[in-house]
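Colleague: Numbering (my numbering), first residue to last: 321 to 806. Glycine is no exception: its CB is placed at the ideal position from the N, C-alpha and C atoms.
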Ligand SMILES: Cc1cc2nc3c(=O)[nH]c(=O)nc-3n(C[C@H](O)[C@H](O)[C@H](O)COP(=O)(O)O)c2cc1C
C-alpha cells in the first residue's frame, strides 16, 4: 500500500513533510541523488550577496545530546550559487529553497533580486538570526520592526514563496511571528539554533574559536516544540517545525503542536546514509556484485571496474519505497586518525648537519571534508615534527635555570629548514564514531615525524659507526658529531 505523504506549505506543494534544514545538507549536491529523494525539499546552506570565508576552526563542538556550530555562514555568494548550484537544482524533481542572509534589509532585498527567476531556485527562507550591522549589531529576528523590514524587502523583490526562519532568542516569538506575517511571509520556520557556549576546562577557553555557537540537536527539541507551538498559535500562515528531530515521534510532536511540516538536520544525513546502504545491498543482489564494489552516480548504479554492469537506482526501489529510521546521538567520543611516515636523510659526518632528502606521509584521516586543508595540516605537521626531531628543546642547566626561554635560544624551524616537500598518500577509512566518518587530521601529520626522522638519522650514523644510538631528541648537529666521535 502506498501512502500519500504530500503536504502543502502555503502555495508550495511538497511530496513529503520532511525537509532538510539549512546548513545541514550543504547545497544538496554532497548527498547522492537517491537519498535526496527521501526529502520533500531542501533548504540550502545560508548565503550572503557576496562570498564569505566563515569563521576559523574549531567551528563545531559536541555537547550533551547536541552540538554547537559557528560556521560563520561561509558561502560562495549569489554569483557562485547561480553558477555552480542552481543549474543542478533545476534538474531535480523537488524544490530547493535558498536560505538568505544580509547585514541590512536592503542587502536581503538585493540578494533576492539577484536570485529571483533563476531556474532551480524555488523559494527563499530568510534567516533573520543575522546581526543588523546598520542598527548596532542586534539580530534582525529580535526586533519585530527589523524582522518585518527584512521580510518586506524580500517580498517586494519576488513572487516565489518566502519563508521566515525565526530565532528562538526572543522573549515573545508570537510578536515577531505576527510582524513578519503582516510583512508578507508565506510561512514561518521555527526555530533556528540557540546561542550557546562550551568551555574547554583544560585550555581555559571556549571550545569554538568564535566563542559562541548555535546549539542544535535533541537537546533543543522541547524548547523548539514550545516555540513552534507559540508561533503557530500567533499566525494564520503555515509553520515548519525545526529543532532536534531525530525520529518519527519527534516530528509528530511538532505536527501536533500546529506545524505543517518539519526540517531535520543531523538525523537526516544519517538516515540518508542508511538508505544508501539499503539500496546498494539490493543492487548488489540484482547485479550479482558485492555492495562494497558498487558506485552511485547521477542515479545510476555501476560495478567498480565493470562499467557494463549498471542499472538505474530507481529499479531497485520497491513499489512501497524504502524507509529508514535513524537517530543522531553523538555519544561516542573522538575518533583518531592514523599515519605512517618514512624519511630518507643525508648526514654530514663532519658538521653533523642533517638534510631530509625524501619524506613520505601515508595517513588516514577518515572522510576528508576539504582535501586542501588536510594537505595543509600534513605539511604543517611535518614541519612541527621536523622541529621536534632536529632542533627544538626546552633545556635547563644543572641548577635548574631555563636556558631556552626566548626564540633566540629555542631553535624553532623556519622555511630554511623545511626544504623538502613531503609526498602525501591519502587513505580514507571512515570511522564509525560519527555519521560522516570524519576522524581529524592533526595527529598523523605531527606525531610520527620525530620517530621517522631520528630513526633515519640513526640508520645513517650506523653506516659509519655500527653501534650508534640516537637516544634522545632533538638529535642536533652537536649531538651527531658527539656520537660519531665517541
Ligand atoms: C552545521 C550547521 C550549519 C547551519 N547553517 C545554517 C544556515 O546557514 N542558515 C540557517 O538558517 N540555519 C542554519 N543552521 C540551523 C539549522 O538549519 C537548524 O535550524 C538547526 O540545526 C536545528 O535543527 P536540528 O536540531 O535538527 O539540527 C545550521 C545548523 C548546523 C548544525
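#1: If residue 740 sits next to residue 676, beta carbons under 8 angstroms apart, how far is it from one beta carbon to the other, in whole angstroms?
#2: Name the two residues that bound the continuous alpha helix (DSSP H) containing residue 797.
#3: Does the separation of the CB atoms of residue 506 and residue 470 fall below 8 angstroms?
#4: Does the beta-carbon of residue 534 have 16 or more other beta-carbons within 10 angstroms, so that it is buried, or is it exposed?
#5: Given the structure, does residue 663 come close to ligand 1, in the sense that its CB is under 7 angstroms from one of the ligand's heavy atoms?
#6: What's the gap between the Cα of residue 712 and the Cα of residue 772?
#7: Please indicate yes or no: does the CB of residue 462 lie closer than 7 angstroms to some heavy atom of ligand 1?
#8: Taking only the alpha-carbon atoms, compute the straight-line gap between residue 627 and residue 607 and give it to the nearest angstrom.
#9: What residue range is occupied by the uninterrupted alpha helix (DSSP H) comprising residue 699?
#10: Go through its chain and collect everything with a Cβ distance to residue 457's Cβ below 8 angstroms, but skip five positions before and after it.
#11: For residue 485, I'd like the list of residues in its chain whose CB is within less than 6 angstroms of its CB, leaving aside the five on either flank, ordered along the chain.
#12: Using a threshold of 7 angstroms, is the CB atom of residue 497 nearer than that to any non-hydrogen atom of ligand 1?
#13: Do you know whose CA, among 683, 378, 752, 327, lies nearest residue 526's CA?
#14: Among 730, 656, 335, whose alpha-carbon lies nearest the alpha-carbon of residue 686?
#15: For residue 520, write down the residues that DSSP places opposite it in a beta bridge.
#16: Take residue 502 and list the residues in its own chain whose beta-carbon comes closer than 7 angstroms to its own, dropping the five residues that flank it on each side.
#17: I need the DSSP call for residue 321, collapsed to helix, strand or coil.
#18: Considering only DSSP beta bridges, list what residue 333 is partnered with.
#19: Tell me the residue span of the beta strand (DSSP E) that contains residue 616.
#20: At 4 residues or longer, and completely inside the segment 730–775: list those alpha helix (DSSP H) runs for me, N to C.
#21: Can you find a heavy atom of ligand 1 that lies under 7 angstroms from the Cβ of residue 326?
#22: What does residue 485 pair with, by DSSP beta-bridge criteria?
#23: Starting from residue 534, follow its DSSP beta bridges and name the residues at the other end.
#24: Just to check, is the beta-carbon of residue 690 closer than 7 angstroms to a non-hydrogen atom of ligand 1?
#25: Consult DSSP for residue 675 and reduce its assignment to one of helix, strand or coil.
#26: Per the DSSP calculation, residue 630 is bridged to which residue(s)?
#27: Taking 6 angstroms as the limit between beta carbons, can you name the residues of its chain near residue 621, skipping five residues before and five after?
#28: Skipping 5 residues on each side, what residues in its chain have a beta carbon closer than 6 angstroms to that of residue 601?
#29: Which residue wins for smallest C-alpha separation from residue 798, given the options 776, 571, 670?
#30: Comparing alpha-carbon positions, which option in 478, 582, 327 lies nearest residue 436?
#31: Return the chain-ordered list of same chain residues with a C-beta closer than 6 angstroms to the C-beta of residue 321, the five sequence neighbours on each side being excluded.
#32: Under a three-way DSSP split, which group does residue 435 fall into?
#33: Residue 418 and residue 367 - do their beta-carbons sit closer together than 8 angstroms?
#34: How many Å lie between residue 537 and residue 328 at the Cα?
#35: Alpha carbon to alpha carbon, how far is residue 403 from residue 491?
#36: Would you say the beta carbon of residue 775 is closer than 7 angstroms to some non-hydrogen atom of ligand 1?
Modeller: Looking at the coordinates:
#1: Residue mapping note: residue 740 aligns to position 420 of the chain shown, counting from 1. Residue mapping note: residue 676 aligns to position 356 of the chain shown, counting from 1. Indeed, because the Cβ distance is near 5 angstroms, the residues count as touching under 8 angstroms.
#2: What you label residue 797 is simply residue 477 of the chain shown in a count that begins at 1. Looking at the DSSP string, the run of the alpha helix (DSSP H) that includes residue 797 is 797–805.
#3: On the chain shown, position 186 is the one that residue 506 refers to. On the chain shown, position 150 is the one that residue 470 refers to. No, these two residues do not count as a Cβ contact at 8 angstroms.
#4: Counted from its first residue, the chain shown places residue 534 at position 214. Burial state of residue 534 is buried, judged by a 10 Å Cβ sphere holding 16 or more other Cβ atoms.
#5: Indexing the chain shown from 1 puts residue 663 at position 343. False, no ligand heavy atom lies under 7 angstroms from that Cβ.
#6: In the chain shown, residue 712 corresponds to position 392, counting from 1. In the chain shown, residue 772 corresponds to position 452, counting from 1. Cα to Cα, residue 712 sits roughly 16 angstroms from residue 772.
#7: Mapped onto the chain shown, residue 462 falls at position 142. Answer for residue 462: no, Cβ out of range of ligand 1.
#8: The sequence position of residue 627 within the chain shown is 307, counting from 1. The sequence position of residue 607 within the chain shown is 287, counting from 1. So the two alpha carbons sit approximately 12 angstroms from each other.
#9: Residue numbering aside, residue 699 sits at position 379 when the chain shown is read from its first letter. Here the alpha helix (DSSP H) through residue 699 covers 691–710.
#10: Here residue 457 refers to the residue found at position 137 when the chain shown is read from its first residue. Closer than 8 angstroms at Cβ, skipping near neighbours: 451.
#11: Residue 485 sits at position 165 when you count from the first residue of the chain shown. Excluding positions up to five away in sequence, the list reads 445, 447, 509, 512.
#12: Taking the chain shown and counting its residues from 1, one reaches residue 497 at position 177. Flag unset: Cβ of residue 497 not near ligand 1.
#13: For this step, residue 526 is matched to residue 206 along the chain shown. Cα-wise, what sits closest to residue 526 is 378.
#14: Within the chain shown, the letter at position 366 stands for residue 686. That would be 656, whose Cα lies nearest to the Cα of residue 686.
#15: Taking the chain shown and counting its residues from 1, the one referred to as residue 520 is at position 200. The partner list for residue 520 (beta bridge, DSSP) reads 525.
#16: Position 182 of the chain shown, counting from 1, holds the residue named residue 502. The answer, listed in chain order, is 468.
#17: Residue numbering aside, residue 321 sits at position 1 when the chain shown is read from its first letter. In this predicted model, residue 321 has a pLDDT of only 49, less than 50, meaning its place in the structure is not dependable enough to derive any value.
#18: On the chain shown, residue 333 is found 13 positions in, with the first residue counted as 1. DSSP lists 328 as partners of residue 333.
#19: Translated into the one-based positions of the chain shown, residue 616 becomes position 296. First-last of the beta strand (DSSP E) with residue 616: 614–617.
#20: Qualifying alpha helix (DSSP H) stretches, in chain order: 762–766.
#21: Numbered from 1 along the chain shown, position 6 holds the residue referred to as residue 326. No, Cβ of residue 326 sits at least 7 angstroms from all heavy atoms of ligand 1.
#22: As a position in the chain shown, residue 485 is number 165, starting the count at 1. Residue 485 is bridged by DSSP to 447, 509.
#23: Here residue 534 corresponds to residue number 214 of the chain shown, with the count starting at 1. 389, 515, per the DSSP bridge assignment.
#24: For the purposes of this step, residue 690 is taken as the residue at position 370 of the chain shown. Outside the cutoff, so no.
#25: Residue numbering aside, residue 675 sits at position 355 when the chain shown is read from its first letter. In the structure shown, residue 675 sits in a strand (DSSP, three-state: E or B).
#26: As a position in the chain shown, residue 630 is number 310, starting the count at 1. DSSP, once it has assigned bridges, lists 622 as partnering residue 630.
#27: Within the chain shown, the letter at position 301 stands for residue 621. Answer for residue 621: 603, 614, 631, 633, listed in chain order.
#28: Looking up residue 601 in the chain shown gives position 281. The beta carbon of residue 601 sits closer than 6 angstroms to those of 611, all from its chain and outside the five residues before and after it, given in chain order.
#29: Stepping through the chain shown from its first residue, residue 798 is reached at position 478. Per the Cα distances, 670.
#30: Taking the first residue of the chain shown as 1, we reach residue 436 at position 116. The option with the nearest alpha carbon to residue 436 is 478.
#31: On the chain shown, position 1 is the one that residue 321 refers to. Unreliable placement is indicated for residue 321, whose pLDDT of 49 sits below 50; the coordinate value is still reported in the next sentence. Cβ neighbours of residue 321 beyond the five flanking positions: none.
#32: Residue mapping note: residue 435 aligns to position 115 of the chain shown, counting from 1. Here residue 435 sits in helix by DSSP.
#33: Stepping through the chain shown from its first residue, residue 367 is reached at position 47. Stepping through the chain shown from its first residue, residue 418 is reached at position 98. Yes, the pair counts as a contact, with Cβ atoms nearer than the cut-off.
#34: As a first step, residue 537 must be located in the chain shown, where it is residue number 217. As a first step, residue 328 must be located in the chain shown, where it is residue number 8. Cα-Cα distance, rounded: 26 angstroms.
#35: One-based indexing of the chain shown puts residue 403 at position 83. One-based indexing of the chain shown puts residue 491 at position 171. Roughly 40 angstroms separates the two Cα atoms.
#36: Sequence index remark: in the chain shown, residue 775 carries index 455 (1-based). For residue 775, the Cβ stays outside the 7 angstroms cut-off from all heavy atoms of ligand 1.
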